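The structure appears right after this line, and notes come after that.
2 protein chains.
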Amino acid sequence: MRLGILGGGQLAKMTVAAAAQLGIETVVWSLTPGLPASQACTLTMVGGLEDPVVQAQMIAASDVITLESEFIPADILLQLQSRGARILPTPASVAVVQDKWTQKTALSAHHLPVSPGRALPDLASALDVSKELGFPLVIKTRRLGYDGHGTFQVEGQTEVEALFRRLSPPPDLLFAERSIPFIRELSVIVTRRQDGSLVSYPVVETRQPQFVCEEVLAPAPINPTLAARAKTLAEAAAQALNLVGTLAVEMFLAADDSIMINEIAPRPHNSGHFSIEASHTSQFENHVRAVFDLPLGSSEMASSAAVMVNILGQSETTITPLDLAPALAIPGVHVHWYGKDAVRPMRKMGHITALADSVEQAQGQAWKARRALRF
Amino acid sequence: MRLGILGGGQLAKMTVAAAAQLGIETVVWSLTPGLPASQACTLTMVGGLEDPVVQAQMIAASDVITLESEFIPADILLQLQSRGARILPTPASVAVVQDKWTQKTALSAHHLPVSPGRALPDLASALDVSKELGFPLVIKTRRLGYDGHGTFQVEGQTEVEALFRRLSPPPDLLFAERSIPFIRELSVIVTRRQDGSLVSYPVVETRQPQFVCEEVLAPAPINPTLAARAKTLAEAAAQALNLVGTLAVEMFLAADDSIMINEIAPRPHNSGHFSIEASHTSQFENHVRAVFDLPLGSSEMASSAAVMVNILGQSETTITPLDLAPALAIPGVHVHWYGKDAVRPMRKMGHITALADSVEQAQGQAWKARRALRF
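Residue numbers (the numbering used here), protein chains in the order written: chain A, 1 to 375; chain B, 1001 to 1375.
Here's what the structure looks like:
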């Protein structure tokens, strides 16, 4: 059995490790060589994915193809599929999710709670919508946004006008949604098979003070009723969007205990990295199992609590040898270093997961380890 | 950081996975291509290890070199070392351990309990020794024995004579030891750093009804006093032999509660595979940490009980696609499939680890999964 993965970053690298344990060989496609996953996969393919030769090689080398990013244009996925590739999640489901506006309307059509929004074909519509939804208003690009890129919070009509002047957006670029005054951001990892059977992981809290995820607390420090509601919503979203494999459902928890779905990532997700050490089956192994239509493993936690902290780049530098020793000396700490070629500000260079009896204790250990790592 | 591994089998494959998590690239040397580890390492080198070009490439590509088998002749390891390789465990310590007779005399010199034995330079000495040690007598080859290969149990003088006629052994081939009427075989995995600091894993029971390990029960169902004694012996053996990295100390437990050291394997070992899922830090990650002189992780179990069952080949066949589904459907079961190119009788094709609240329960699940796997 051979798994093709479109993308060679850390998500692909951790998927490769899970596949290797099951004896599944991996073929990683990436645009450039030397990415994290290429150090550990069976075969790497480099080149433009619109190139028919690259496509043919990828199809020939893989029994199933999956993706580590929703940014690959759906028409390329459909092209691969029409040439015989078995792609999971399906190109049709990825097409809906990769456009955040169609994602939102699909969730809404299934009566799932999302922040009210409107497409913004032009400035006039944006000014109308801002009257309807009020300020602050969140304006987002429909495609390719991540870690805060492509998200704009505007406070008044002059800011809307300035944004439109700056972007000169084509009519299908932007949409708006009402800003949600959340008190916590939650995430639930779900793994779903094609027959609709699924497992969902414990609800976690994600903290992204500068839009980039810095910290994940597992389980989220919320009451069981709220946690059960978040899980139910996440599972319903996975069903509604007909996704296969591991996905993340990111949610906002408001002060009145209401929960809204923010965004769906149709792939293993940063908020599920804790599962490698803290869960009976990791999000990556369950992803591999799901795309090969194998029974899913338990998503329960094997540890009482886990905290994951991302190792984010601070400045633009080349990699110097990393001294792992001070971090590894801290009890309960697991270090993942992705092996990227260069450090960039806010780039995810690795992550730390600390296991402990309580979230507070795990948090203390994880941050102590993070501070001990210099690179 | 780059780790060279001499050997490309399943032990190398699982070491590669542990190294990759820490961002350590791996260079695997093997005599033939297509072995399990080559599917997942950064670089594979194929060719005779006595070839100076292969040696030079391996040294250039690795910051530290380790081994997955004690069968690589110590003089080749010494040659690599003299050409600048940093090899751990050290060639000197491997030289002592890879000859089971010098291993035994070294343990004995450190007052560690081993079965009494004698070198057998010729038939006359063998007949003398058999009078001294009695029958049944165990005769072993000093080097290259494994899984029962190279071990002969003889019941009388005519059998000794027949064995000598059959083998025509050179004077340094054989030694004899008193047969130990054990009631259980125990093993302790130890990981030791160069400064002598070490961790040891819980004592496990290994079962090898046909010389090949079939099953490992963790923790061993023995009383805490015995377990503590076995741990102490194992740690003392690791110190006595000055080994660095992960090693296994295999022991016999007799009906009178005495414990004797049977053999030492100076590398990660089949009896420690349970640690991948059941322990806070696996024997493989601790091996990598030790050879890079990094702080060792906790060797405590994260699960109450674990049972590992080897997936042994039954007949000589090529690999047909493995249906993992029935095994993965069993709760608590983790399947490792090594990806070997062909099935041979008693060949280790993979293993299953089941986690549960008790050893009995884990054993039930592991064997249920084993029976469900057909290949």
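Virtual Cβ for every residue (Gly too), placed ideally from N, Cα, C. Just so you know, these numbers come straight off a predicted model, no measurement behind them.
Runs of alpha helix (DSSP H) with 4 or more residues, each lying fully within the stretch 1256–1324 of chain B, are found at 1275–1278, 1283–1291, listed in chain order.
Here Ala85 (chain A) carries a coil assignment [DSSP, helix/strand/coil]. Nearest to Val291 (chain A) by alpha-carbon distance, out of B:Ala1325, B:Gln1210, B:Phe1211, is B:Ala1325. The C-beta of His149 (chain A) comes no closer than 8 Å to any C-beta of chain B. Judged by their CB atoms, Glu300 (chain A) and His287 (chain A) are not nearer to each other than the 8 Å cut-off. The three-state secondary structure of Ser108 (chain A), taken from DSSP, is helix. Under DSSP, Leu241 (chain A) shares a beta bridge with no residue.
Below 8 Å, too few C-beta pairs join the stretch 181–201 of chain A and the stretch 155–167 of chain A to call them touching: fewer than three. For Gly1364 (chain B), the enclosing alpha helix (DSSP H) starts and ends at 1359–1372. Contact annotation for Glu1068 (chain B) against chain A: no contact, minimum CB-CB distance about 16 Å [criterion: below 9 Å]. By the beta-carbon neighbour count (other beta carbons within 10 angstroms, threshold 16), Glu277 (chain A) is buried. The beta carbon of Lys368 (chain A) sits closer than 6 Å to those of Ile330, all from its chain and outside the five residues before and after it, given in chain order. Across the structure, Asp1063 (chain B) and Glu1161 (chain B) are spaced so that their CA atoms are roughly 50 Å apart. By the Cβ neighbour-count rule, Glu1205 (chain B) is buried, with 16 or more other Cβ atoms within 10 Å of its own.
Between Phe252 (chain A) and Glu185 (chain A), the gap from beta carbon to beta carbon is short of 8 Å. In the DSSP assignment, Val1212 (chain B) falls outside any beta strand (DSSP E) and carries neither an H nor an E. For Arg1165 (chain B), the uninterrupted alpha helix (DSSP H) run begins and ends at 1157–1167, by DSSP. At least one beta carbon of chain B lies nearer than 8 Å to the beta carbon of Pro321 (chain A). Closer than 8 Å at the C-beta level to chain B, one finds these residues of the stretch 34–54 of chain A: Gln39, Ala40, Cys41, Thr42. Nearest CB-CB separation between Ser358 (chain A) and chain B: not below the 8 Å threshold.
When DSSP states are grouped into helix, strand and coil, Met1001 (chain B) belongs to the coil group.
Setting aside the 5 residues that flank it on each side, Glu1235 (chain B) is surrounded in the same chain by Val1190, Leu1198, Ser1200, each with a C-beta closer than 7 Å to its C-beta; the list follows chain order. Look at the stretch 1335–1365 of chain B: the residues with a C-beta under 8 Å from a C-beta of chain A are Val1335, His1336, Trp1337, Tyr1338, Gly1339, Gly1350, Leu1355. Taking C-alpha positions only, Ile1059 (chain B) is separated from Gly1084 (chain B) by approximately 7 Å.
For the C-beta of Met1001 (chain B), the chain A residues within less than 9 Å are, from N- to C-terminus, Pro321, Leu322, Leu324. Segment contact: the stretch 295–312 of chain A against the stretch 64–77 of chain A, fewer than three CB-CB distances shorter than 8 Å; contact not assigned. In this structure, Arg178 (chain A) keeps its C-beta atom at 8 Å or more from the C-beta atom of Gly148 (chain A). At a cut-off of 8 Å between beta carbons, Ser1275 (chain B) makes no contact with chain A. Thr1102 (chain B) carries a helical assignment under DSSP once its states are collapsed to helix, strand and coil. Close CB contacts of Ala1240 (chain B) within its chain, under the 7 Å cut and outside five residues either way in sequence, are with Ala1106, Leu1107, His1110, Leu1112 (chain order). Chain-order list of chain B residues neighbouring Gln81 (chain A): empty, with the shortest C-beta distance near 23 Å, by a criterion of under 8 Å. Residues of the stretch 1158–1177 of chain B with a Cβ closer than 9 Å to any Cβ of chain A: none. At least one CB of chain B lies nearer than 8 Å to the CB of Gly23 (chain A). The stretch 1337–1352 of chain B and the stretch 301–312 of chain A do not touch, with fewer than three beta-carbon pairs separated by less than 8 Å. Between Cys41 (chain A) and Val27 (chain A) the beta-carbon gap is near 7 Å, inside 8 Å, which marks them as a contact.
In the three-state reduction of the DSSP assignment, Val54 (chain A) falls in the helix class, which pools H, G and I.
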